[in-house]
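Since the structure comes first, as structure tokens, the remarks are kept for the end.
Chains as they are written, first to last, in the working numbering: chain U, 12 to 446; chain A, 12 to 446.
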């Protein structure tokens, strides 16, 4: 990768090798619109399109200009991966040193002034209009650890787990962008054994508020209802890009409510995503093998490649109300049993329609190494039985009001890092409601 | 209720007491737009608004004219229940014999020609743009029957069932309007006992394709994220209206996939709703007590009324490919343990945001009387162990390709019936996919 004429910190997630897409607004123009991140700046693509003749940069793409002025990335995503590839390459050309088009922006001070803005000057918005949100459970070590905790080592994995990507439908309306405060949910909670003859749940703010470290995948183009997406066509035909996803969970609420139909209020109060969508092509150099699955898979799940997932370094920081930050977890997205193409193929096997902007979560990602590699406090603390030590003398089992969780994810070496920026949320106190 | 100058069959679901809202298009004008049903006709409200001065009929409602030209009912729903009440009353006035405004349409042949159309001349569309779809499990006799089947009589109900309205998130993208063909889903199916040491699922078209008789409720106005909706404010503040809902289910797919996170591909291939939204006010005269719950409820679920549900007669017809129709189930929506306001209060307890157009399903509604009162073939056939006899010599355990299921629902006496029309779907053969 050549270097950029934009001054980029070598450790930046937003190197020239990345070019992630997001939705910004500014104090001067509060209309949400499309931008890409580059170093500590963003390039406002609506402003670029309005102030420069881009026909040479983006030749022959129908519908691109309106897509770049949209308040979400859906219209751009819908153009399909070959267009995303072409536009990303053109923007790399524009931002690189000494290429065919580098003079267009580099040497036009007025245009730079309008279109190249410091990230501190822009407000980030939810990047996509999300139709449906599905959360999978593909983090193998997480599934094993949680299964062992609740069902013992011999029954840790349910019989279906190695045969299909287990998933469930989440709540699209509760997905928020990084930085949005997350209110501690009130819920029905059973303190005693649920099998006692007369359970008496209480209604209270969750005492087991947790985070979940996940990778999210946005869908680009829809399938027709009733038509499955083949696993080999999912990536090129239907994947737009990736975000970090924190699927906040109220473990005590979930434990009481979830039989027999799955998680509900324990999950639907909020899920936070990072604001920049890293395009599928930007992650291609970082492919890796996932967790080995010795099960003989049905044909519709056979990818015919050994590198269906990505080796993205993932980190979880907990920042206390006092401002002290501790990295409590560090792992990799390679610890997935199923790839997103496999998830998509399974999701649509029965004909379920995907739409542009649908979000798929990987499920919590944990490494095999226990506490420090875990993607949830449930695992780190063995459901509250032991504490996670923080910087200084502080410690946690679950989250306190005022705590912030920041997820980070990146791959690649310095000067060429492809990262997600931050996925951050701070816990606000529970609402006063009738209980 | 006074009578109408429109010729209405006494048995029509769409009496003057009803006035349900839907989205139509015609061969002449293929733009979807708002209409109401009256007898065997529809009144095109966009055409009405364009061709008559309606200020006298609908005084002082901001945003009504654009809402009536919208391709979904969301904009109208968002205006709130006091507006829905006023508009419905005004339309009843317009369509009734000898009222203040009856001359406006009755005596204007050109306007009648443009706006009052036979139902046979219009195409019905999905009435709402559905953000999220949640399916509850509030049909008490269904939950008991299914629980008994899979867990025995002593453990039929899970410990949480009487304490909170159990529900899960469904798939909004798979909701279709009555008349849309439903393709038999392909899925992973385990024929043997899932607890055997090495389960070997097959991938095949579902052999246990079922229907579920439900009532659906559309949300009118949103709540702020983090703020619960009080049970006493849900009905007036957040309920738009009701439809019939057939939540098609592939029982064999569901059985293998659903642990530990709930139903997924067994449900997300299609759910069918009736096209006309019966406004909340139209059902008010038909309130009834639901199934008695002796559990001491938490305050947030206490409605302070004994008639939180409706006594709507519900019927299920099965029509074979040969065209023979048998009514296989007949029950009432009063067999719900939880009312929709209770479901809404519980859904938002932790702060989950509802949006205009969100759909809540009641869960399958069955009566206490066994086979003929059941809302699913799972119950009628005891999971395929006994047959449901059809007219002639035919019989079913689950649905065959070419079968149609038609749900009907209505209340009130002749000349004043408030009904839903049909909620119909015909089973098409499975897709040929890689398995």
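A virtual CB, placed ideally from N, CA and C, is assigned to each residue, including glycine.
Burial state of residue i (16 or more Cβ within 10 Å)
i                     : result
residue 13 (chain A)  : exposed
residue 423 (chain U) : buried
residue 195 (chain U) : buried
residue 257 (chain U) : buried
residue 317 (chain U) : exposed
residue 203 (chain U) : exposed
residue 305 (chain A) : exposed
residue 310 (chain A) : exposed
residue 161 (chain A) : exposed
residue 397 (chain U) : exposed
residue 390 (chain A) : buried
residue 131 (chain U) : exposed
residue 365 (chain U) : buried
Under the three-state DSSP convention, the category residue i falls into
i                     : result
residue 109 (chain U) : coil
residue 146 (chain U) : strand
residue 215 (chain U) : strand
residue 47 (chain U)  : strand
residue 276 (chain U) : coil
residue 194 (chain U) : strand
residue 96 (chain U)  : helix
residue 225 (chain U) : strand
residue 179 (chain A) : strand
residue 61 (chain U)  : helix
residue 296 (chain A) : helix
residue 139 (chain U) : coil
residue 78 (chain A)  : helix
residue 447 (chain U) : Within the shown structure, residues of chain U are numbered from 12 to 446, placing residue 447 (chain U) beyond reach of any answer.
residue 32 (chain U)  : strand
residue 359 (chain U) : coil
residue 246 (chain A) : helix
residue 309 (chain U) : coil
residue 409 (chain U) : coil
residue 428 (chain U) : coil
residue 420 (chain A) : strand
residue 253 (chain U) : strand
residue 185 (chain A) : helix
residue 134 (chain U) : strand
Anticipated Cβ contact below 8 Å, residue i with residue j, distance rounded
i                     : j                     : result
residue 199 (chain U) : residue 268 (chain U) : 7 Å
residue 222 (chain U) : residue 387 (chain U) : 6 Å
residue 336 (chain U) : residue 330 (chain U) : 4 Å
residue 224 (chain U) : residue 418 (chain U) : 6 Å
residue 189 (chain A) : residue 284 (chain A) : 7 Å
residue 159 (chain A) : residue 58 (chain A)  : Residue 159 (chain A) to residue 58 (chain A), Cβ: 53 Å. No contact.
Short CB-CB distance (under 8 Å) between residue i and chain A
i                     : result
residue 390 (chain U) : no
residue 185 (chain U) : yes
residue 324 (chain U) : no
residue 182 (chain U) : yes
residue 253 (chain U) : no
residue 43 (chain U)  : no
residue 250 (chain U) : no
residue 188 (chain U) : no
Closer than 9 Å at the beta carbon, the chain C residues around residue i
i                     : result
residue 303 (chain A) : The chain labelled as chain C is not found among the protein chains of the depicted structure, namely U and A.
Cutoff 8 Å: residue i Cβ touching any chain U Cβ
i                     : result
residue 346 (chain A) : no
residue 199 (chain A) : yes
residue 227 (chain A) : no
residue 237 (chain A) : yes
residue 444 (chain A) : yes
residue 194 (chain A) : yes
residue 203 (chain A) : no
residue 52 (chain A)  : no
residue 261 (chain A) : yes
residue 309 (chain A) : yes
residue 212 (chain A) : yes
Near the ligand FAD: residue i beta-carbon under 7 Å from a heavy atom
i                     : result
residue 106 (chain A) : In terms of ligand content, the structure shown is empty, and the ligand FAD therefore cannot be addressed.
Exercise. Quick one: which residues of the region 349 to 371 of chain A get their C-beta closer than 8 Å to a C-beta of chain U? List them in chain order.
Key: 357, 358, 360, 361, 362, 363, 364, 365, 366 and 369
Quiz item: What residues in the region 164 to 180 of chain A have a beta carbon less than 8 Å from any beta carbon of chain U?
Solution: 169, 170, 171, 174, 175, 177, 178, 179 and 180
Quiz item: Of all the residues that make up the region 128 to 158 of chain U, which are near chain A by a beta-carbon distance shorter than 7 Å?
Solution: 142, 143 and 148
Practice problem: Select from the region 266 to 281 of chain A all residues with a C-beta closer than 7 Å to any C-beta belonging to chain U, and list them in chain order. | Solution: 267, 268, 270, 271, 272, 273, 274, 275, 276, 279 and 280
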